[in-house]
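S.K.:
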Amino acid sequence: GIEQDVYGNLWASTQQGLGCYDVRNRRFKNFTTADGTDGNQYYDRSSCKLKDGTIVFGATHGLTFFNPTDIQMGRKSSIVIQSLMVNNEVIHPHVDGILESALMFKPEVVLSHNQNSISVGFTMIDFCPNPRVRYRYRMEGFDNQWVESGHVHKATYNNLPPGDYTLEIQATSGNDNYVLAANSMHIVVRSAWWLTWWAKTFYFFVILIFLSYIYVIRIRVNSSRENMKRALQEKAHEQKINQMNMSFFANVSHEFRTPLTMISGPLSQIQQSKDLSQQNSQLLQMISRNVDRMLRLVNQLMDFGKLDNDMLKLSVAEVNISSQLNHMVDIFRVNAQEKHITFRTVGIEDELVAWIDLDKLEKIVNNLLGNAIKFTPQGGTIQMDVDIIPQAEALRLLPKSELRRDTHYLCLKVSDSGEGLPEGNIEQIFDRYYQVNGQSAAHISLGTGIGLYYARGLARLHHGWLYAENRKDDMGSVFTCILPMTKLVYSPNEISDEKIESVQKLPVIESASVIPVEEINNDNETTIMVVDDDTEVAHYLKTLLSPSYNVICKFDVDSALLAINDQLPDIVLSDVVMPGKDGYELCRAIKEDVQISHVPIILVTARGAIENQVEGLRIGADAYVPKPFDPTYLLALIQSLLKNRERQRQVLSSSTQASAIEDSVLTRQDNAFMSSLYSLMEAELSNSELDVTRMAEKLSMSRTKFYYKVKALTGEAPGVFFKTYKLNRAAELLKEGQFNVSEVAEKTGFGTLSHFSTSFKKRFGVAPTGYR
Numbered sequence: 017g018i019e020q021d022v023y024g025n026l027w028a029s030t031q032q033g034l035g036c037y038d039v040r041n042r043r044f045k046n047f048t049t050a051d052g053t054d055g056n057q058y059y060d061r062s063s064c065k066l067k068d069g070t071i072v073f074g075a076t077h078g079l080t081f082f083n084p085t086d087i088q089m090g091r092k093s094s095i096v097i098q099s100l101m102v103n104n105e106v107i108h109p110h111v112d113g114i115l116e117s118a119l120m121f122k123p124e125v126v127l128s129h130n131q132n133s134i135s136v137g138f139t140m141i142d143f144c145p146n147p148r149v150r151y152r153y154r155m156e157g158f159d160n161q162w163v164e165s166g167h168v169h170k171a172t173y174n175n176l177p178p179g180d181y182t183l184e185i186q187a188t189s190g191n192d193n194y195v196l197a198a199n200s201m202h203i204v205v206r207s208a209w210w211l212t213w214w215a216k217t218f219y220f221f222v223i224l225i226f227l228s229y230i231y232v233i234r235i236r237v238n239s240s241r242e243n244m245k246r247a248l249q250e251k252a253h254e255q256k257i258n259q260m261n262m263s264f265f266a267n268v269s270h271e272f273r274t275p276l277t278m279i280s281g282p283l284s285q286i287q288q289s290k291d292l293s294q295q296n297s298q299l300l301q302m303i304s305r306n307v308d309r310m311l312r313l314v315n316q317l318m319d320f321g322k323l324d325n326d327m328l329k330l331s332v333a334e335v336n337i338s339s340q341l342n343h344m345v346d347i348f349r350v351n352a353q354e355k356h357i358t359f360r361t362v363g364i365e366d367e368l369v370a371w372i373d374l375d376k377l378e379k380i381v382n383n384l385l386g387n388a389i390k391f392t393p394q395g396g397t398i399q400m401d402v403d404i405i406p407q408a409e410a411l412r413l414l415p416k417s418e419l420r421r422d423t424h425y426l427c428l429k430v431s432d433s434g435e436g437l438p439e440g441n442i443e444q445i446f447d448r449y450y451q452v453n454g455q456s457a458a459h460i461s462l463g464t465g466i467g468l469y470y471a472r473g474l475a476r477l478h479h480g481w482l483y484a485e486n487r488k489d490d491m492g493s494v495f496t497c498i499l500p501m502t503k504l505v506y507s508p509n510e511i512s513d514e515k516i517e518s519v520q521k522l523p524v525i526e527s528a529s530v531i532p533v534e535e536i537n538n539d540n541e542t543t544i545m546v547v548d549d550d551t552e553v554a555h556y557l558k559t560l561l562s563p564s565y566n567v568i569c570k571f572d573v574d575s576a577l578l579a580i581n582d583q584l585p586d587i588v589l590s591d592v593v594m595p596g597k598d599g600y601e602l603c604r605a606i607k608e609d610v611q612i613s614h615v616p617i618i619l620v621t622a623r624g625a626i627e628n629q630v631e632g633l634r635i636g637a638d639a640y641v642p643k644p645f646d647p648t649y650l651l652a653l654i655q656s657l658l659k660n661r662e663r664q665r666q667v668l669s670s671s672t673q674a675s676a677i678e679d680s681v682l683t684r685q686d687n688a689f690m691s692s693l694y695s696l697m698e699a700e701l702s703n704s705e706l707d708v709t710r711m712a713e714k715l716s717m718s719r720t721k722f723y724y725k726v727k728a729l730t731g732e733a734p735g736v737f738f739k740t741y742k743l744n745r746a747a748e749l750l751k752e753g754q755f756n757v758s759e760v761a762e763k764t765g766f767g768t769l770s771h772f773s774t775s776f777k778k779r780f781g782v783a784p785t786g787y788r
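Counting from 17, one number per residue, gives the positions in the sequence shown under the numbering used here.
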């Protein structure tokens, strides 16, 4: 039988299988039981082709039917390399062996020069066995033609010369050499290392290097002598410059003490006057605290030079530590209270006597508590613990280089709830000039980076130690200072005969005697928010502004943003340099938020360089005031901004579209808001029931935020501003002359003509008819 398929190929049944003639490639393909049929003997003229293209042949074994479109002329399979033998030894995968992975992953086979006899076993994966499958292989780079192996599943090569080879293996059909499957393996046979080109190159370079080495040694000896001489000269010069610098700072610091003393003395006399007002008394207290602060900084600068030159000496005496510590922490209690930080002390309530250099202890405590106040956010917690620990526990915490031992040690811990210390770099915070958190240019003036270096130096001078760690129970850091308590560790010249009397604990200044940080609710409607991490600066600004404005003080950016969104102040005065987020970030956050972008912001900071001012103005600040500033100038600047806002409100109340407003009047965000508002009011112009709720929903804002936004920009409540807009549009329509008064009243959403006439005359001073 013979049939033709849809491709034009001829299918013929025979007594020895089913044949197909491929008219395109002009070749025959015979299908037998090996290809999946049930028999090879077919009946004469027993065939037909169905409508769907299926061909049916009758045979002794029954009917054979198939669709030629489903028949693949070549059956694809795969060849798997099963085994590798090198020098008649079976090779198994091993990390350090010839095979690093199984053969199925086709690893590169690298052989040494004496491993050049190999045998590779392979087979074809086929779940329909075909007895006509034959194999052949070729070692590319060695064989010029294919090696026919018939039914043998192995390729063998002996004494392969060094080189890169690719063993190619193919499985073919028996009668037409059709490739059923193929695989390959990369084989490298290395040369003996002592005969390689790089070995010969190595020999050459070894000889060259040996000769060069002799020459270089002579050069280095001479250069080393010159470098050593130069290094000694540079070190001597550096020491001289350093000594001159430290001497200069010491002299300048000494000169600072005289004018500070002249300020401190008269200031104390003025404070004792009974004729001072409460505000002046508060200002004098602020000046007094900052004079003391400057004196401490001057003393620290002088001691810093002595510490580096080993000129700072101990003077220990028997001291009631509890009394002295209570006196030291009083000012920090005030600062913590002003910043809404919980300040706790543990262990200084009972009497505790020890041999200590009180001056060094005070400077250590001031540094640790000062840092804790600076880097603890508002609402955080600071705790100072004082305890006595035995020698064994102290020696476990002290460095091994510390040789002097005491029977008992004073352990002073200061913990805070700030951001903590950078893991892995905790010890670096005690390096000179090191600053935490990779401070950017905006944060660089948070400190000089010598405070902790100075504090540890004082602790070491005191035969103790200062170290830091992060809290394990919560976020924050812990600084621990360990100092000896008895005079056993001190030499005679370190002991003072002076008896230090106990001091009375100063009463903590309650919030009633300082300027409160909460909002002052006076009769003035203008509210100013002051954002500064320094409580002294914040309270000074509060004292300056309180007579004329409501003042709110915040001490970090996050709490300031929450308060701005909640209370919407009229102006924000912010410092730039603050721990965590800085004033630039606060300014950017305000100007990018459409709901509060109208709030003017003044950056008041000690960073007065031109590039800093440009940066502040570039991100949207309305003004940049360098410290120290003239209070009169700041007050005038605030009044100017408020007047500008008033002029802005007048412009908005007389406009009907944002495009008519100059770019300098509104910021980009406020201009976009007003454009949306004008468009919405125009769309709702004839709606007599237009209200705040509907408008807020249309602009995707809360009713409260929308109300305060419109009130801040226009000076009018939204309902009043809507009515003003309708009257302004009515005036424009009357000017155009296309509509009469009744039609204009209807188009602008006024219910009655009388209401329209009354409202129009009240705004423009003339009736609609006369205006037209």
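We put the beta carbon where it would ideally sit given N, CA and C, even for glycine.
Determine whether the beta carbon atoms of W162 and R152 lie at a separation below 8 Å.
M.R.: In this structure, R152 lies closer than 8 Å to W162 by Cβ.
S.K.: What does the alpha-carbon distance come out to for the pair D291 and G492?
M.R.: So the alpha carbons of these two residues sit roughly 46 Å apart.
S.K.: At which residues does the beta strand (DSSP E) containing Y58 begin and terminate?
M.R.: Its beta strand (DSSP E) spans residues Y58 to K65.
S.K.: If the criterion is Cβ atoms closer than 8 Å, does the pair A75 and G55 meet it?
M.R.: Going by C-beta atoms, A75 is nearer than 8 Å to G55.
S.K.: Is the region 591-609 close to the region 368-384, with three or more CB pairs under 8 Å?
M.R.: Contact fails: fewer than three Cβ-Cβ distances are below 8 Å.
S.K.: Just to confirm, does S207 get its C-beta within under 7 Å of one of the non-hydrogen atoms of the ligand ZN?
M.R.: As far as ligands go, the structure on display features none, and thus does not contain the ligand ZN.
S.K.: Compute the distance between the beta-carbons of K376 and L477, then report whether it is under 8 Å.
M.R.: A contact, by the Cβ cut-off of 8 Å.
S.K.: Report yes or no: do three or more beta-carbon pairs, one from the region 746-765 and one from the region 715-735, lie closer than 8 Å?
M.R.: Contact between the region 746-765 and the region 715-735 is absent, because fewer than three Cβ pairs lie under 8 Å.
S.K.: Going by C-alpha to C-alpha distance, which of M140, G69, P177 and I141 sits closest to F158?
M.R.: That would be P177, whose Cα lies nearest to the Cα of F158.
S.K.: To the nearest angstrom, report how far apart F348 and F737 are at their CA atoms.
M.R.: F348 and F737: Cα-Cα distance of roughly 50 Å.
S.K.: List the DSSP bridge partners of R152.
M.R.: For R152, which the question treats as bridged, DSSP gives the partners E164 and Q186.
S.K.: From A410, P415, R236 and N486, pick the residue whose C-alpha is nearest to that of P438; which is it?
M.R.: Ranking the options by Cα distance to P438, first place goes to N486.
S.K.: What residues in its chain sit with their C-beta under 6 Å from that of G396, if we drop five residues either side in the sequence?
M.R.: Closer than 6 Å at Cβ, skipping near neighbours: I357 and S433.
S.K.: Compute the Euclidean distance between the alpha carbons of D572 and V547, then round it to the nearest angstrom.
M.R.: In a straight line, the C-alpha of D572 is about 7 Å away from that of V547.
S.K.: Between the Cα of I303 and the Cα atoms of H555, L115, L619 and R788, which residue gives the shortest distance?
M.R.: It is H555 whose Cα lies nearest to the Cα of I303.
S.K.: Within the chosen definition, does the region 652-662 reach the region 611-630 through at least 3 CB pairs nearer than 8 Å?
M.R.: Touching, yes.
S.K.: For Q98, which three-state DSSP category applies?
M.R.: DSSP places Q98 in strand when its eight states are reduced to three.
S.K.: Between which two residues does the alpha helix (DSSP H) harbouring K778 extend?
M.R.: From DSSP, the alpha helix (DSSP H) with K778 extends over L769 to F780.
S.K.: Thinking A388 and I398 are a contact (beta carbons under 8 Å), I'd like their distance in whole angstroms, please.
M.R.: Confirmed, about 5 Å.
S.K.: Apart from the five residues on each side of it in sequence, which residues of its chain come closer than 6 Å, Cβ to Cβ, to V362?
M.R.: So the qualifying residues of the chain are D401.
S.K.: Look at the alpha carbon of T543 and the alpha carbon of F780, and state the distance between them as a whole number of angstroms.
M.R.: About 32 Å.
S.K.: Under the DSSP definition of a beta bridge, which residues are partnered with I398?
M.R.: In DSSP, I398 forms a bridge with F359 and D432.
S.K.: Whose CA, out of I635, N315, L577 and F391, lies closest to the CA of T551?
M.R.: For the residues I635, N315, L577 and F391, the minimum Cα distance to T551 belongs to F391.
S.K.: Rank V96, E19 and I97 by C-alpha distance to the C-alpha of F82 and give the top, closest one.
M.R.: Looking at the Cα atoms, E19 is the closest of the given residues.
S.K.: Use the C-beta contact count for P523: other C-beta atoms within 10 angstroms, 16 or more gives buried, fewer gives exposed.
M.R.: Its pLDDT being 40, under 50, P523 is placed unreliably by the model, and the measurement read from it follows with that caveat. Counting Cβ neighbours within 10 Å, P523 comes out exposed, since fewer than 16 surround it.
S.K.: Look up N175 in the DSSP assignment and say whether it is helix, strand or coil.
M.R.: N175 falls in the coil class under three-state DSSP.
S.K.: Given a cut-off of 8 Å on the beta-carbon distance, is the pair I95 and I185 in contact?
M.R.: Contact flag set, yes.
S.K.: Select from R788, P415 and M717 the residue whose C-alpha is nearest the C-alpha of E752.
M.R.: It is R788 whose Cα lies nearest to the Cα of E752.
S.K.: Using the Cα positions of R148 and T212, report the straight-line distance between them to the nearest angstrom.
M.R.: Each residue's alpha carbon lies about 47 Å from the other.
S.K.: Taking DSSP as the reference, what is the three-state secondary structure of K290?
M.R.: K290 falls in the coil class under three-state DSSP.
S.K.: Taking C-beta to C-beta, are S128 and R42 nearer than 8 Å?
M.R.: Result no, Cβ atoms of S128 and R42 do not sit closer than 8 Å.
S.K.: Can you say whether G765 is buried or exposed, counting buried as having 16 or more other CB atoms within 10 angstroms of its CB?
M.R.: So G765 ends up on the buried side.
S.K.: Please determine, among M120, T559 and D638, the residue with the shortest C-alpha to C-alpha distance to D586.
M.R.: Considering only alpha carbons, the answer is D638.
S.K.: Mind checking which residues open and close the alpha helix (DSSP H) that includes P585?
M.R.: Note, P585: premise wrong, no alpha helix (DSSP H); not H, not E.
S.K.: Report, in whole angstroms, the separation of the C-beta atoms of L729 and M697, which I expect to be a contact under 8 Å.
M.R.: With 8 Å as the limit, L729 and M697 do not qualify as a contact, their Cβ atoms being about 14 Å apart.
S.K.: Reducing DSSP to helix, strand and coil, say where A208 ends up.
M.R.: Coil at A208, not helix or strand.
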